[in-house]
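If you read the protein sequences in the order shown, they are chains A and B.
Under this note's numbering, the residue at position 41 of the first sequence is numbered 41, and the numbers go up by one with no gaps.
Basically this note's numbering = 1-based index in the second sequence + 138.
Beneath this line is the structure, given in structure tokens, with notes to follow.
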Amino acid sequence: MADENKELKMPDMNYAKDEIIRISGVNPRKCMRCGKCSATCPAYDEMEYHPHQFVYMVETGEIEPLLKSKSLYKCLSCFACIDRCPRGVEPEKLVEAVRLTVERQQGNDHFTPDSLAEFYDDDMPQQAIVSAFRKYRK
Amino acid sequence: MTVSYFPGCTLKNKAVDLDKYARQTAEKLGVTFEELDEWQCCGGVFTESTDEIATKLSSVRALKKAEDLGNILVTVCSACHNVIKQTNYQMSDEDFASKVNNYLGSEEAYDGQAVEKHYLELLRDDIGFDSVKKQVVNPLKGKKIACYYGCLLLRPSKVMKTDDPENPSIMEDLVKSLGAEPVYYAARNECCGGYVVADSPEFSKRRAKDICDGAEKAGADMIVTACPLCMYNLKKSGSDIPVVYFTEVMAEAFGIKEGENNG
């Protein structure tokens with residue numbers, strides 16, 4: 001649905017890490033590196049960076065690869081990693097916060113109304129469309 | 139008993155059977171669904187970020203209206219249930235609540251005290267499955283039903299508290315009370331890939347196919363769900379197993395499904 005070759009505007013990287021921590025409310029230092037979040041993730045095979053890597057890379061400040069990754073749009077928001085994390089780290093909130101940090105830059109919307117025609121069919125519930133607007137556009 | 143009812147965008151259009159049979163079966167059980175005036179779409183997905191206010195206002199307004207009427211707020215769509223319940227939970231954060239109330243103005247200020255329930259929870263906790271059983275005139279004998287929860291009904295469990303997130307029983311208990319036999323299979327509480335259907339349709343199709351295949355292998359005749367997006371995905375998976383809403387099997391057992399033509 002999105003233009004794969006579009007050049008995304010990147011925020012200042014020092015700002016980005018603080019922003020991601022702030023809007024997610026997540027403390028990545030609580031992570032004990034067990035990998036259960038990635039083991040239970042139904043989108044694991046689709047992702048270049050997996051939930052445990054989001055946690056580690058935000059903690060160590062490797063933000064830019066995450067901001068540019070297509071993994072941001074593969075997360076299903078199914079809350080499996082949130083529910084099953086033994087330390088209450090809530091990795092999905094970090095994935096979302098990284099995605100929002102990209103989408104809140106002007107011109108970085110992943111979804112455009114014009115692309116509706118590409119995937120819409122008569123059986124598709126409204127829920128699919130409003131969710132795409134909410135998740136992939138700011 | 140009268141409850142405030144939040145139908146949501148999809149139940150007014152594509153998921154009419156979920157809406158219609160929820161109202162009609164509730165009426166049989168002595169519960170009137172009073173639709174909220176001027177409700178607004180919940181947005182379909184809860185934004186986890188701590189600083190998003192505007193995307194949660196429609197849920198807050200619905201909760202506030204139900205509270206003013208002195209009613210429980212009932213949802214039937216899993217997504218509406220998830221968004222509204224998570225929003226209500228976030229209102230227990232003082233800072234967030236004060237920002238929301240500043241936004242809404244003093245006339246609409248909301249204190250987070252309304253109670254939101256999915257229809258399934260209302261059936262279990264307020265009506266009782268024994269009362270459901272008493273309304274059954276056409277027991278679904280011999281029907282093997284795979285209940286599909288997906289993600290939104292159950293998770294995040296510390297907020298939703300709908301059921302045990304890893305071993306739920308609310309839908310199986312319902313189909314048992316209708317005379318059917320529940321079928322257990324591995325993926326009943328795993329995500330169908332609904333939210334990425336617009337962006338990665340092949341991925342969500344694979345997810346949905348796994349779920350349908352699992353239910354079929356366990357011997358199910360059909361799958362029941364509470365979510366219009368799960369329904370869409372499972373039906374598009376290429377599998378032949380029928381997928382229906384839980385309200386449809388209730389209406390069939392209550393003898394009100396056939397011959398209906400009102401909306």
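Just so you know, even glycine gets a beta-carbon here, dropped at the ideal spot from N, CA and C.
Predicted model, so just to flag it, every value in this text is computed and none were measured.
Helix, strand or coil at residue i according to DSSP, with G and I counted as helix
i, result
"B/F171", "strand"
"B/F184", "coil"
"B/C285", "strand"
"A/P11", "coil"
"A/V89", "coil"
"B/D264", "helix"
"B/L278", "coil"
"A/Q43", "Note that residue 43 of chain A is Ala in the sequence shown here, rather than Gln. Coil, per DSSP."
"B/Y370", "helix"
"A/S131", "helix"
"B/L292", "coil"
"B/T300", "coil"
"A/V26", "coil"
"B/C179", "coil"
"A/L76", "coil"
"B/K202", "helix"
"B/N399", "Since pLDDT at B/N399 reaches only 41, below the 50 mark, its modelled position is unreliable, and no value is offered."
Inter-residue spacing [alpha-carbon to alpha-carbon] between residue i and residue j
i, j, result
"B/N400", "B/S342", "Confidence in B/N400 is poor, its pLDDT being 37 and thus under 50, which makes the residue's placement unreliable; the coordinate value appears in the next sentence. Each residue's Cα considered, the two are about 34 angstroms apart."
"B/G397", "B/A160", "The pLDDT assigned to B/G397 is 46, lower than 50, so where the model puts this residue is not dependable; a value taken from the coordinates is nonetheless given after this. Distance between the alpha carbons of B/G397 and B/A160 is about 16 angstroms."
"B/L367", "B/Y287", "12 angstroms"
"A/G88", "A/Y56", "15 angstroms"
"B/V270", "B/L167", "7 angstroms"
"B/F234", "B/V198", "12 angstroms"
"B/S333", "B/D301", "Note that residue 333 of chain B is Tyr in the sequence shown here, rather than Ser. Going from the Cα of B/Y333 to the Cα of B/D301 covers about 22 angstroms."
"B/G243", "B/L201", "15 angstroms"
"B/V214", "B/I379", "23 angstroms"
"B/K158", "A/P86", "41 angstroms"
"B/R345", "B/T363", "15 angstroms"
"A/I20", "A/E96", "9 angstroms"
"A/P42", "B/E245", "44 angstroms"
"A/L94", "A/F111", "20 angstroms"
"B/K218", "A/R137", "Reading the sequence as shown, one finds Cys at residue 218 of chain B and not Lys. Between B/C218 and A/R137, the C-alpha separation is close to 20 angstroms."
"A/G107", "A/T101", "12 angstroms"
"B/S187", "A/G25", "7 angstroms"
"B/I394", "B/V382", "16 angstroms"
"A/K17", "A/R29", "14 angstroms"
"B/V141", "B/E172", "6 angstroms"
"A/M32", "B/C147", "41 angstroms"
"A/Y73", "B/K347", "21 angstroms"
"B/E390", "B/S338", "35 angstroms"
"B/A373", "B/C330", "The residue asked about is misnamed: residue 373 of chain B is Lys in this sequence, not Ala. The straight-line gap from Cα to Cα measures roughly 11 angstroms."
"B/P277", "A/K9", "60 angstroms"
"A/S69", "B/E205", "43 angstroms"
"B/K203", "B/A336", "33 angstroms"
"A/G11", "A/I23", "Before going on, a small fix: residue 11 of chain A reads as Pro here, not Gly. About 15 angstroms."
For residue i: DSSP bridge partner residues
i, result
"B/T140", "B/T170"
"B/I210", "DSSP output for B/I210 lists no bridge partner at all."
Limits of the beta strand (DSSP E) - the one that residue i falls within
i, result
"B/H256", "254-256"
"B/M360", "360-363"
"B/V335", "That residue, B/V335, is in no beta strand (DSSP E); it is neither H nor E in DSSP."
"B/V381", "381-383"
"B/V321", "319-321"
Near the ligand GTP: residue i beta-carbon under 8 angstroms from a heavy atom
i, result
"B/V381", "Annotation note on the ligand GTP: not contained in the displayed structure, which lists no ligands."
Endpoints, the alpha helix (DSSP H) within which residue i is located
i, result
"B/C218", "216-228"
"B/T193", "No alpha helix (DSSP H) holds B/T193; DSSP gives it neither H nor E."
"A/V55", "51-60"
"B/V238", "232-242"
"B/D351", "339-355"
"A/A80", "80-84"
"B/F392", "It is not in any alpha helix (DSSP H) - B/F392 carries neither H nor E in the DSSP assignment."
"B/D311", "308-315"
"A/P113", "Note, A/P113: premise wrong, no alpha helix (DSSP H); not H, not E."
"A/G64", "Reading the sequence as shown, one finds Glu at residue 64 of chain A and not Gly. Where A/E64 is concerned, the enclosing alpha helix (DSSP H) stretches over 64-67."
- Does the stretch 240-256 of chain B come close enough to the stretch 211-227 of chain B to have 3 or more Cβ pairs within less than 8 angstroms? With the cut-off at 8 angstroms, the stretch 240-256 of chain B and the stretch 211-227 of chain B touch.
- Message: When you compare the stretch 71-90 of chain A with the stretch 35-53 of chain A, are there three or more beta-carbon pairs, one atom per stretch, that lie closer than 8 angstroms?
- Response: Cβ pair count under 8 angstroms is three or more, so yes.
- Evaluate the contact criterion for the stretch 113-132 of chain A versus the stretch 57-68 of chain A: three or more CB pairs, one atom per stretch, below 8 angstroms. Short answer: they don't touch.
- Would you call the stretch 123-138 of chain A and the stretch 349-357 of chain B in contact, with 3 or more CB pairs under 8 angstroms? Flag = no, the stretch 123-138 of chain A and the stretch 349-357 of chain B do not touch.
- Message: With three or more C-beta pairs closer than 8 angstroms as the rule, is the stretch 259-267 of chain B touching the stretch 303-312 of chain B?
- Response: Short answer: they touch.
- Quick check: the stretch 272-284 of chain B against the stretch 317-324 of chain B, are there 3 or more CB pairs under 8 angstroms? The stretch 272-284 of chain B is in contact with the stretch 317-324 of chain B.
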